[in-house]
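Residue numbers (this note's numbering), protein chains in the order written: chain A, 151 to 413; chain B, 151 to 413. For each residue, glycine too, the CB sits at the ideal point set by N, CA and C. A short write-up of the structure that comes next.
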């Protein structure tokens with residue numbers, strides 16, 4: 151993708167966020183009916199309609215690109231470029247009237263996220279990350295803050311109850327014990343706060359590609375580091391364990407504690 | 151307190167919220183230094199200054215009233231009327247840049263909360279509850295929603311890690327198992343969402359008087375029920391276990407499950 155093509159993709163992604171956000175705003179704090187999906191998570195007409203709006207735009211603009219979204223079956227997953235969409239990341243929060251859910255939009259090339267948007271349609275906050283470029287919040291550069299070690303780190307996760315894989319909670323609890331402070335911050339909003347330098351560390355597990363692909367360009371372009379728990383860069387086929395830090399030193403310390411029960 | 155005196159107290163309480171909110175907004179998302187209090191919770195200059203501003207106004211307007219605030223020693227606790235203040239309920243969220251913390255202001259008469267404000271200074275949302283009057287959100291009536299039983303209830307708490315008293319987590323987990331959905335919603339914001347009819351049930355433990363006194367008039371004036379876990383109305387000297395529901399039927403069902411391991 152040339153610089154011009156990437157610029158066009160960014161402009162297009164911003165339009166996707168505009169359209170999905172308009173749907174979310176229309177249904178927020180209204181009495182939407184809720185269905186429970188096979189994985190026991192809720193879905194509403196707002197999730198479905200916001201994804202459908204984005205899919206229609208992508209099919210028209212980039213008919214050869216793939217689409218992987220939370221609410222519909224994937225399309226053209228063999229394509230070089232794949233759009234990865236979570237229309238409402240944080241449906242439970244959305245349903246509870248809490249304005250921290252986000253629309254996540256990523257463009258992935260050969261498995262690697264090269265463009266990411268975290269959009270908060272109610273608060274009017276939009277983080278944009280593009281590979282090799284500085285991350286912005288509403289057009290102004292966003293930067294992570296320095297944090298040399300875990301003892302000074304402010305840590306967040308969506309909720310410890312989501313760390314349900316074998317050993318996940320134990321590993322997380324070791325990091326929590328070493329961190330200065332811990333706070334639940336739901337879904338993408340924790341990563342957004344990290345990108346803007348208000349927290350230092352986010353550790354999660356059990357995420358899907360549509361939960362994390364958009365985060366990588368945002369965090370990296372803000373000066374942070376985001377990988378799986380073993381330190382590998384996030385890809386479309388990562389295992390859903392995510393460790394993000396604003397400072398590489400804090401990230402390295404967290405990975406060490408995640409890996410080593412004895413530390 | 152006559153109706154006229156109560157009207158004056160309401161107007162005064164709104165002024166307290168204005169002044170405390172101005173302090174919170176000035177420090178939000180800035181690099182404030184953090185101290186850790188003896189109970190291992192953080193405090194910042196924003197908490198301290200917001201409480202001091204409110205105390206100065208109360209001393210000038212109601213010199214015979216008592217004051218119980220999170221950040222300073224109590225004053226005149228033997229008085230008939232006591233102002234109960236939490237300048238920033240959710241300091242950890244405040245420090246993480248998350249705009250869901252609240253300023254809580256209550257007026258308690260002979261131990262019973264008769265006036266409560268939940269103010270969110272960043273989102274510009276203010277719930278006002280006054281004994282015997284309808285609760286308002288920014289001047290418009292707020293109402294809880296109907297929820298006949300636990301199986302249809304959307305439940306929240308600040309974080310399960312706060313349910314640390316003996317048996318608290320087990321009791322909570324029984325309710326969580328019976329509820330339709332569960333979501334972490336931090337601090338006062340869960341009760342605000344309940345008052346506005348977006349969730350059905352909030353269950354917490356380990357709260358202090360400044361965490362819960364302001365909630366009672368807001369929830370009750372919105373049509374909800376809020377008590378301790380045994381069903382007693384909240385008073386200045388309650389034990390910090392709080393169960394709030396938008397619908398009395400849901401509240402009764404929750405108390406039953408909290409009390410009875412076998413149910």
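Per-residue DSSP class, three states only, for residue i
i: residue 334(B); result: strand
i: residue 367(A); result: helix
i: residue 302(A); result: helix
i: residue 393(B); result: strand
i: residue 190(A); result: coil
i: residue 184(A); result: strand
i: residue 241(B); result: helix
i: residue 344(A); result: helix
i: residue 171(A); result: helix
i: residue 386(B); result: coil
i: residue 377(B); result: strand
i: residue 225(A); result: strand
i: residue 327(B); result: helix
i: residue 400(B); result: helix
i: residue 204(B); result: helix
i: residue 322(A); result: helix
i: residue 362(B); result: helix
i: residue 295(B); result: coil
Closest by C-alpha distance to residue i, when choosing among the options
i: residue 275(B); options: 254(B), 261(B) and 313(B); result: 254(B)
i: residue 224(A); options: 216(A), 231(A) and 169(A); result: 216(A)
i: residue 179(B); options: 271(B), 232(B) and 164(B); result: 271(B)
i: residue 433(B); options: 329(A), 231(A), 334(A) and 325(A); result: Residue 433(B) lies beyond the range of chain B shown here (151 to 413); nothing can be said about it.
i: residue 386(A); options: 314(A), 324(A) and 264(A); result: 264(A)
i: residue 366(B); options: 348(B), 349(B), 356(B) and 344(B); result: 344(B)
i: residue 157(B); options: 286(B), 384(B), 401(B) and 280(B); result: 280(B)
i: residue 352(A); options: 384(A), 374(A) and 307(A); result: 307(A)
i: residue 247(A); options: 260(A), 174(A) and 234(A); result: 174(A)
i: residue 330(B); options: 350(B), 316(B), 336(B) and 314(B); result: 350(B)
i: residue 394(B); options: 375(B), 189(B), 406(B) and 229(B); result: 375(B)
i: residue 373(A); options: 347(A), 354(A), 388(A) and 361(A); result: 347(A)
i: residue 316(A); options: 243(A), 356(A), 228(A) and 288(A); result: 356(A)
i: residue 213(A); options: 220(A), 285(A) and 205(A); result: 205(A)
i: residue 135(B); options: 242(B), 369(B) and 218(B); result: Beyond the ends of chain B as shown, which are 151 and 413, falls residue 135(B); an answer cannot be given.
i: residue 323(B); options: 151(B), 261(B) and 404(B); result: 404(B)
i: residue 232(B); options: 211(B), 251(B), 243(B) and 177(B); result: 211(B)
i: residue 325(B); options: 198(B), 162(B), 400(B) and 284(B); result: 400(B)
i: residue 319(B); options: 259(B), 229(B), 200(B) and 407(B); result: 407(B)
i: residue 122(A); options: 152(A), 185(A), 190(A) and 167(A); result: Since the first residue of chain A shown is 151 and the last is 413, residue 122(A) is not available in this structure.
i: residue 300(A); options: 227(A), 165(A), 197(A) and 332(A); result: 332(A)
Cβ distance (whole Å) where residue i is taken to contact residue j below 8 Å
i: residue 249(A); j: residue 273(B); result: 7 Å
i: residue 358(A); j: residue 327(A); result: Actually they do not touch by this definition, with Cβ atoms about 28 Å apart.
i: residue 169(A); j: residue 203(A); result: 5 Å
i: residue 296(A); j: residue 397(A); result: 5 Å
i: residue 363(A); j: residue 266(A); result: 7 Å
i: residue 336(A); j: residue 243(A); result: 5 Å
i: residue 268(A); j: residue 177(A); result: Contact doesn't hold; Cβ gap of about 19 Å is too wide.
Sheet register partners of residue i (DSSP bridge)
i: residue 276(A); result: 269(A)
i: residue 233(B); result: 217(B) and 257(B)
i: residue 308(A); result: Residue 308(A) is not bridged to any residue.
i: residue 354(A); result: 392(A)
i: residue 287(B); result: 277(B) and 290(B)
i: residue 252(B); result: 239(B)
i: residue 262(B); result: 259(B)
Any chain A beta carbon closer than 9 Å to residue i
i: residue 415(B); result: In the structure displayed, chain B extends from 151 to 413; residue 415(B) sits before or after that span and is not available.
i: residue 322(B); result: no
i: residue 349(B); result: yes
i: residue 250(B); result: yes
i: residue 374(B); result: no
i: residue 339(B); result: yes
Residue-chain proximity (residue i, chain B), Cβ-Cβ < 9 Å
i: residue 335(A); result: yes
i: residue 161(A); result: no
i: residue 273(A); result: yes
i: residue 368(A); result: no
i: residue 187(A); result: no
i: residue 284(A); result: no
i: residue 213(A); result: no
i: residue 220(A); result: no
i: residue 401(A); result: no
i: residue 184(A); result: yes
i: residue 327(A); result: no
i: residue 247(A); result: yes
i: residue 165(A); result: no
i: residue 201(A); result: no
Check: residue i C-beta below 8 Å from any heavy atom of the ligand ATP
i: residue 374(A); result: The ligand ATP is absent from the structure shown, which contains no ligand whatsoever.
Residues from the region 298-309 of chain A in contact with chain D, defined by Cβ distance under 8 Å: In summary, chain D is missing from the structure at hand, where the protein chains are A and B.
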